[in-house]
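Trainee: Numbering (my numbering), first residue to last: 1420 to 1516. Provided herewith is a single structure, encoded as structure tokens, for subsequent inquiry.
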Amino acid sequence: MTTTVTAAPVVNTVTATTTVTVAPLVVAGASGGAGASTGPGGSSGVPAPLVGQGSGSSAPYFGSCSEARAAGAAPMHVGDAGYRPGLDRDKDGVACE
């Protein structure tokens, strides 16, 4: 007597999710009612830098040199918090000069 056994393939499905939390966007000139965000030093209308941008880092992230200047962070050198190559136009290691 011969017995033949056929096994069905096993398929596992894995779903991964990522949660990203960002600070509220502050628009210059917008009314700053209760709970409004302010920039460094508490001055309203100055956007606070975004933090991390999904990298798990706590370094500030500036979307533009205007944001870095408004926050008092410019110029930034390689190694400084907030420095990134996208803000260093002439690639000399100094951003937003």
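Each residue gets a CB set at the ideal place from its N, CA and C atoms; glycine is no exception.
In the DSSP assignment, the alpha helix (DSSP H) including residue 1489 goes from what residue to what residue?
Mentor: The residue labelled residue 1489 in the question sits at position 70 within the sequence shown. It spans 1484 to 1489 - the alpha helix (DSSP H) in which residue 1489 sits, taken as one unbroken run.
Trainee: In whole angstroms, what is the alpha-carbon distance linking residue 1485 and residue 1505?
Mentor: The sequence position of residue 1485 within the sequence shown is 66, counting from 1. The sequence position of residue 1505 within the sequence shown is 86, counting from 1. Computed Cα separation, rounded: 13 Å.
Trainee: Find the nearest neighbour of residue 1497 within the set 1514, 1488, 1489 and 1509, judged by alpha-carbon distance.
Mentor: Here the question's residue 1497 lines up with position 78 in the sequence shown. It is 1514 whose Cα lies nearest to the Cα of residue 1497.
Trainee: Kindly indicate which residue of 1488, 1427, 1499 and 1483 has the alpha-carbon position closest to the one of residue 1477.
Mentor: In the sequence shown, the residue the question calls residue 1477 occupies position 58. Looking from the CA of residue 1477, the closest CA among 1488, 1427, 1499 and 1483 belongs to 1499.
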